[in-house]
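Enquirer: Mind having a look at this structure? Questions to follow.
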Amino acid sequence: DAMVIQNPRYQVTQFGKPVTLSCSQTLNHNVMYWYQQKSSQAPKLLFHYYDKDFNNEADTPDNFQSRRPNTSFCFLDIRSPGLGDAAMYLCATSRGFREQYFGPGTRLTVT
Amino acid sequence: GENVEQHPSTLSVQEGDSAVIKCTYSDSASNYFPWYKQELGKGPQLIIDIRSNVGEKKDQRIAVTLNKTAKHFSLHITETQPEDSAVYFCAASTDKLIFGTGTRLQVFP
């Protein structure tokens with residue numbers, strides 16, 4: 442089945458220790474998104490790639506970076522995680538700005 | 109920019125009853141309105157969507173209505189079942205999704 446895959450599902454990192462979350466997709470969609478979701482809140486868009494073009498949301502902290510080496514993969518790098526970065530991180534994909542399909546998420550804990 | 113309000117924040121119904129969740133949006137340019145269901149510990153799942161050239165769309169027990177003049181859209185779930193229990197998010201979009209604040213639906217057997 443075509444799908445959006447996120448690894449790992451659970452990640453524990455130490456305060457200030459860089460961490461990378463990964464997303465892959467078999468849908469062959471050209472747009473990939475990263476969202477942050479905190480408890481009892483709606484997903485908050487961090488950035489997206491439209492093909493190879495990177496689009497950062499204005500209020501996304503510099504601490505968050507992303508890489509998209511090819512169509513299928515996208516990475517979220519958190520350079521120096523703080524306690525406030527503990528959240529569920531969701532990857533989503535779409536064909537153009539059409540229906541978005543989400544992965545299962547990675548729950549990040551910062552100790 | 110776009111702002112989406114969603115009500116109610118929590119909704120409890122008896123199994124078999126109907127559930128209605130309502131959203132309003134502010135940007136008249138929004139032309140796509142999806143609904144997502146999110147179960148605990150999982151990613152949001154697209155359950156139904158509607159575009160601005162359509163007033164109503166139905167898929168089995170789920171229906172969505174759109175009133176572009178009033179900038180309202182609603183999700184209707186009939187014959188609710190315990191497995192419908194989840195958080196539901198509406199969203200409005202021209203390109204990026206702007207989510208509502210979510211509704212926690214509980215269906216009691």
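Sequence order for the protein chains is A and B. The first sequence begins at 442 in this note's numbering and counts up by one. The second sequence begins at 109 in this note's numbering and counts up by one. Ideal Cβ positions, reconstructed from N, Cα and C, are used throughout, including at glycine. Keep in mind the model is a prediction, meaning the values are calculated, not measured.
1. To the nearest angstrom, report how far apart B:S134 and A:P484 are at their CA atoms.
2. So A:V445 is in the beta strand (DSSP E); what residue range does that whole segment cover?
3. May I ask you to list the residues that DSSP assigns as paired with B:A178?
4. Please go through the same chain and pick out, in chain order, the residues whose beta-carbon is closer than 6 Å to the beta-carbon of B:C198, but skip the five residues on each side of it.
5. Which of the three DSSP states, helix, strand or coil, is assigned to B:P142?
6. Report the residue from A:K458, A:Q447, A:M444 and A:Y451 whose alpha carbon sits nearest the alpha carbon of A:L524.
7. Using only CA atoms, which one of A:D492, A:Q541 and A:T547 lies nearest to B:I156?
8. Run down chain B in chain order and give the residues with a C-beta less than 9 Å from the C-beta of A:P545.
9. Output the boundary residues of the beta strand (DSSP E) element that contains A:T454.
10. According to DSSP, simplified to helix, strand and coil, what is B:D203?
11. Nearest to B:S201 by CA position, among B:K166, B:A137 and B:D167, is which residue?
12. Measure the C-alpha to C-alpha separation of A:E498 and B:P190 and round it to an integer number of angstroms.
13. Looking at the secondary structure, which residues open and close the beta strand (DSSP E) in which B:V162 lies?
14. Would you call the region 529 to 543 of chain A and the region 466 to 485 of chain A in contact, with 3 or more CB pairs under 8 Å?
15. Is there a Cβ from chain A that is less than 8 Å from the Cβ of B:F141?
16. Relative to the C-alpha of B:R161, which candidate in B:Y140, B:L148 and B:K145 has its C-alpha closest?
17. Which bits of chain B does A:Q506 rub up against, with CB to CB less than 7 Å?
Expert: With the structure as the only source:
1. The straight-line gap from Cα to Cα measures roughly 19 Å.
2. That run of the beta strand (DSSP E) goes V445 to N448.
3. DSSP lists no partner for B:A178.
4. Closer than 6 Å at Cβ, skipping near neighbours: Q114, C131, W143 and G208.
5. Three-state DSSP puts B:P142 in a strand.
6. When only C-alpha atoms are compared, the closest one is A:K458.
7. A check of alpha carbon separations from B:I156 across A:D492, A:Q541 and A:T547 identifies A:Q541 as the nearest.
8. Against chain B, a Cβ distance below 9 Å from A:P545 picks out G149, K150 and G151.
9. Note, A:T454: beta strand (DSSP E), Y451 to T454.
10. B:D203: coil per DSSP, three-state reduction.
11. Comparing alpha-carbon positions, the option among B:K166, B:A137 and B:D167 lying closest to B:S201 turns out to be B:A137.
12. About 37 Å.
13. That residue, B:V162, is in no beta strand (DSSP E); it is neither H nor E in DSSP.
14. In short, these stretches touch, since the Cβ pair count reaches three.
15. Among the residues facing chain A, B:F141 is not included, as its CB has no counterpart in that chain under 8 Å away.
16. What sits at residue 161 of chain B in the sequence shown is Asn, not Arg. Ranking B:Y140, B:L148 and B:K145 by Cα distance to B:N161 puts B:Y140 first.
17. For A:Q506, there are no neighbours in chain B by C-beta distance under 7 Å, as the nearest C-beta there is about 19 Å away.
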